Amino acid sequence: MGMARHDAYVLLVQGSSALPFLDGLSTNLVTDSCTTAFTNRAAKIIDVCEVISMTGQAVLIGYGPHKAHMIDHLSSRVLGQDVVLQDITHLNDVFIGSGDTPPPSEATVHESHFGTVYVIPKRVEWKETWSQTEWNEHRIEQVIPFHGHEITPKYHPLACGLGDLVHPNKGCYLGQEVLTRMRSRGKQGYRLEVRENPVEQATTKGLKRSLCIVRDQ
Amino acid sequence: MDCGTCESATPLQVHKPEEVDVSLTMTEKATSMLEDAFGDDRSHALLVGVLSGGCSGYMYDLQIVESTETPCQELNINGFRVLVPSASSHLLDGIEIDYVDRLMGGGFKINNPNASSSCGCGESFS
């Protein structure tokens, strides 16, 4: 058991409307700390983020390569609401793991859909105990989808095993009509599976088994 | 976590579209419904705003307010004070406020020439 480095960006979302703002644009009910997905009108993933609720502000942790698109998506929708966005990626490192690693006192620890997330100030020296291969093996064992593998803009949240992040009755958000229709008709097009190797078109290739997203029959 | 409040982390530039002078219209039906709602009291205003969210990304927000701290353009439409937040003026220029009288999905409705699409319930647009 351990934790690996996560290629993440960290945004500070300040203001009295921080949580309602994030709630209105994502698939999960954001009233407190949680994991949620931001989707477009076609319900394709823009990013899947951790929301850490703190007094008077929220911290949004997403996947590094999706940062520019997410900032554009969020900033164009702040319409006079009490929301201020700050990029604090350069101040922090993010790790993710199985939750049994004691963190330093400066750490912010968040229980995510994918595992335990540690946000550590860069001034604090902390080393990952897992390589990316070990993290991937853990994910395959637990059937956990992750950024850059299963979670990509090519898929919607249901296809990559993130149905738990799609709240059944929270109300409208971008992509909600598509996701609700898929659920009500029982057709989501694709689904996440773990299969014994060799696996064609594996999204996460493991030593013995791999994760893949396969078309629903 | 370091949150940048003790050292300066510059706020991200929020996309601010140019403010436009809003013109809007109100149908007879909507005017009549507002007359019922306001009575003879014209001290209050109808705030027509836009919030992020909804199936299409933006949601209409109609409120009856006495005043607001949000910077707004104030219009007089058919004898009613109508406030439009400056931040969403580019999304609301040219709209028609209508009232649809039906049991399901009735109520005030915005016909918006700036919307490229809107959701089924009419509350959200993009």
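Protein chains in written order, with the numbering used here: chain S, 1 to 217; chain D, 1001 to 1126. Quick reminder that beta carbons are idealized off the backbone N, C-alpha and C, glycines included. Small disclaimer: the values here were computed from a predicted structure and weren't measured.
- Just so you know, the alpha carbons of K44/S and P157/S end up roughly 7 Å apart.
- Going by DSSP, E1028/D is part of the alpha helix (DSSP H) stretching over E1028 to F1038.
- From the beta-carbon of F21/S, the residues of chain D found nearer than 7 Å are S1052.
- About 4 Å separates the Cβ atoms of L12/S and Q86/S, confirming a contact at the 8 Å cut-off.
- Looking at L1024/D, T1068/D and A1115/D, the one whose alpha-carbon comes closest to that of H1044/D is T1068/D.
- Looking only at E50/S, R77/S and L179/S, the smallest Cα-Cα distance to F95/S is reached by E50/S.
- According to the DSSP assignment, A8/S belongs to the beta strand (DSSP E) that extends over A8 to Q14.
- Here DSSP, grouped into helix, strand and coil, assigns G1094/D to coil.
- The beta strand (DSSP E) runs of length 3 or more contained entirely in the region 21-69 of chain S are, from start to end of the chain, 34-39, 45-54 and 57-63.
- Secondary structure note for I151/S: it is in no alpha helix (DSSP H), with a DSSP letter that is neither H nor E.
- The DSSP-derived three-state label of S1086/D is helix.
- Here V84/S is not near M1001/D, since their CB atoms are 9 Å or more apart.
- Counted as a single uninterrupted DSSP element, the stretch harbouring N169/S is not any alpha helix (DSSP H), since DSSP gives it neither H nor E.
- In the DSSP annotation of this structure, the continuous segment of the beta strand (DSSP E) that includes N92/S starts and ends at N92 to G97.
- Between the alpha carbons of D72/S and L25/S lies a distance of about 13 Å.
- Between V10/S and N136/S, the C-beta spacing is not below 9 Å.
- Counting only the Cα atoms, V1082/D lies some 41 Å from S184/S.
- In the DSSP assignment, L165/S falls outside any beta strand (DSSP E), carrying neither H nor E.
- For S210/S, the closest alpha carbon among the candidates Q142/S, K170/S and G189/S is that of Q142/S.
- Per DSSP, reduced to three states, the secondary structure at I120/S is strand.
- In this structure, V1065/D keeps its C-beta atom at 9 Å or more from the C-beta atom of L1075/D.
- Exposure of D1101/D is indicated by the presence of fewer than 16 other C-beta atoms within 10 angstroms of its C-beta.
- Between G148/S and D47/S, the C-beta gap is not smaller than 9 Å, which leaves the two residues out of contact.
- For the pair of segments examined, the region 193-208 of chain S was found not to touch the region 170-178 of chain S: the number of CB pairs separated by less than 8 Å stays below three.
- Under the three-state reduction of DSSP output, I1077/D falls in the strand class.
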